[in-house]
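In what follows, a single structure is set out as structure tokens and then discussed.
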Amino acid sequence: MGGNSPCASCKLLRRRCAKDCIFAPYFPSDDPHKFAIVHKVFGASNVSKMLQELPIHQRADAVSSLVYEANARVRDPVYGCVGAISYLQNQVSQLQMQLAVAQAEILCIQMQQEPALPTHQIDSDDKSLLLHSNLNNLPQYLNFASTSNVIQDPLKRESLWT
């Protein structure tokens with residue numbers, strides 16, 4: 001930045017903010033927490049190296065990702081974002097299972113409520129064909145994605161987006 005107010009990085013590191021400071025565009029002085037958490041998790045030197053290796057048009061997105069991952073790592077030092085993603089995938093899987101069960105129950109109820117055709121009009125082959133055609137719809141209701149290697153931690157229910 002080089003002007004009156006040093007960037008959050010230079011403030012935290014107690015150094016003079018140069019005109020070509022790599023941190024200045026991404027860590028403004030009015031948001032010191034943003035750099036503090038990234039510095040705590042990744043270190044200023046590593047962040048500087050990462051930003052220098054990226055084209056300028058990708059640096060803002062990289063900083064945003066670093067801030068997000070740093071917040072996740074502070075909340076869950078072992079898994080970080082992966083823990084949050086796994087938790088959400090597990091929730092999706094459980095909800096898909098509940099949906100499949102509910103859809104199967106609806107199908108069973110619908111099959112029970114269908115008006116019975118007179119038995120003298122349908123022979124045994126037709127009955128099995130009728131039953132078979134209705135049961136063919138069942139797998140579509142029970143088809144859901146399974147995530148077998150999902151990490152679930154019921155105590156980690158706080159949001160990463162707040």
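1 is the number of the first residue of the sequence shown in full-length UniProt numbering; add one for each residue after it. We put the beta carbon where it would ideally sit given N, CA and C, even for glycine.
Can we say the region 61-75 touches the region 87-100, given the rule of at least three CB pairs closer than 8 Å?
These segments do not touch.
Between the alpha carbons of residue 11 and residue 49, how many angstroms are there, rounded?
Taking the straight line joining both Cα atoms gives about 19 Å.
Which class does residue 17 belong to by DSSP, given the choice of helix, strand or coil?
Of the three classes helix, strand and coil, the one that applies to residue 17 here is coil, per DSSP.
What's the call for residue 74, buried or exposed, on a 16-neighbour Cβ count within 10 Å?
Looking at its Cβ environment, which holds fewer than 16 other Cβ atoms inside 10 Å, residue 74 is exposed.
Let me know if residue 57 comes out buried or exposed under the rule of 16 or more other beta-carbons within 10 Å of its beta-carbon.
Looking at its Cβ environment, which holds fewer than 16 other Cβ atoms inside 10 Å, residue 57 is exposed.
Quick check on residue 76: does DSSP put it in helix, strand or coil?
Coil.
Measure the C-alpha to C-alpha separation of residue 41 and residue 109 and round it to an integer number of angstroms.
About 55 Å.
State the Cα-Cα distance for the pair residue 15 and residue 99, rounded to the nearest angstrom.
Their Cα atoms are separated by approximately 57 Å.
In or out: residue 43 buried (at least 16 other Cβ within 10 Å) or exposed?
By the 10 Å Cβ count, residue 43 comes out exposed.
State the Cα-Cα distance for the pair residue 192 and residue 28, rounded to the nearest angstrom.
The chain is shown only over 1 to 162; residue 192 falls outside these bounds and no answer can be derived.
Hey, how far is the Cα of residue 101 from the Cα of residue 67?
So the two alpha carbons sit approximately 40 Å from each other.
Which of the three DSSP states is assigned to residue 65 in this structure?
The answer is helix: DSSP assigns residue 65 an H, G or I state.
What is the rounded straight-line gap between the Cα of residue 26 and the Cα of residue 103?
Going by the C-alpha atoms only, they are around 49 Å apart.
Applying the 10 Å Cβ sphere with the 16-neighbour rule, what's the burial state of residue 6?
Flag for residue 6 reads buried.
Out of curiosity, what's the CA-to-CA distance linking residue 35 and residue 97?
The straight-line gap from Cα to Cα measures roughly 42 Å.
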